[in-house]
Each structure stands twice: as C-alpha cells, then as structure tokens.
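Visitor: The following block contains the structure, expressed as structure tokens.
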Amino acid sequence: SLSPLSLSHNVESAVRNVDPNLPIGRVRSMEEVLATSLAFQRFLMMLMGVFAGLALVLAAVGSYGVMSYWVRQRTREIGIRMALGAGRSTVRLWVVRQGMALALYGVVAGLGASLGLARLLGSVLYGVKPTDPLTLVAVSLILAAVALAATYFPARRATKVDPIVALRYE
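Residue numbers for the sequence shown follow my numbering, so the first one is 5 and each next one is one higher.
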C-alpha cells in the first residue's frame, strides 16, 4: 500500500502534462494540515495553562498569608487552648479546619461560576465538555490539596507556640 504523499509526484507530473501553466499547491498530509491550523490554538492553550499555574501559585501564597495572619492574630487564644490541655494535634486540626472551610467556600463558588459560564467555555474547549464531572472533580481536588498545603504550615507553626509566651503575647 502506497501513502498518498508518495503518489504526489506522479499526480503533479500528470497535471503538468495536461496543463503546464496550472499552479500546483504544496501537497501535505491531513495530519500536517491539522497541525498547522491548530498551532495557534495550542499556543493559546499552553499560555492559558501557564497563567492557570501562576494563578494557582498566587492562590497558594495568598492562602498561606491569610492563614499565617489568622494564626498570628489568635496566638493568645491558641496559648489558652494549649494551656488548658489541648494537644498539638487538636490545635493543628482546628487551624487546618478553619483554612479548609475558606477553601471549600472558594471551590464551591468556583464550581458555580464554571457551571454558569459553561456556554462561553464550550467554544474554547476541545475534546472536553465544560461540565465534565471528571475535570471538575480533578480541579477541585487539586485546589483542595494546594489549600491543605498552604494551611498546614501555619497550623504546624501554631502548635509550636509556648503557652506561657502566647498568654503574654499582645
């Protein structure tokens, strides 16, 4: 079996025999035509991916900053809890729950916004529906994991507070 591209020279010579003045375009495979026509869309998708990655990093840094500030504002309360017998794991879990509650509100709002904008998103997506459950769950889990990491470190630092020093903190 011969490929269509290998026959292109024979077709070109047959056309030239019939009419030597007839312009002949460059013969390309369908894969090459598709790759050329989709190059700009691929570039835009890659650029969108870079911006999404930057947004994720900014969200993680922002979550970390908010939780660090929250822990600093509640240093005295954390000291009281620990002085009254709360264990490090209890305090850590309390701080992580506070941060994850905020992240949950953000994920729910984002899911609602993405479902609301599904019609607009449908025109720029290829091979995926804007309401694809697997994609929505995967993105939600990634955001939750980033929020957990951004919340865990301030929570861990909160448990290293000496209760006596924290009670004097103001």
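For each residue, glycine too, the CB sits at the ideal point set by N, CA and C.
1. Going straight from the alpha carbon of Met86 to that of Arg172, what length do you get?
2. In chain order, what are the residue ranges of uninterrupted alpha helix (DSSP H) at least 4 long that sit wholly in the segment 75-125?
3. Can you give me the start and stop residues for the alpha helix (DSSP H) that Thr155 sits inside?
4. Could you name the residues of the same chain whose beta carbon sits closer than 7 Å to that of Tyr156, not counting the 5 residues immediately before and after it, in chain order?
5. Taking the alpha carbon of Pro27 as the reference point, which residue from Leu147, Ser33, Ser17, Arg160 has its own alpha carbon closest?
6. According to DSSP, is Ser7 part of a helix, a strand, or is it coil?
7. Which whole-angstrom value describes the C-beta separation of Ser67 and Ala151, a residue pair presumed to lie in contact below a C-beta threshold of 8 Å?
Guide: Let's see:
1. 14 Å
2. 79-87, 92-120
3. 137-163
4. Val100
5. Ser17
6. coil
7. 6 Å
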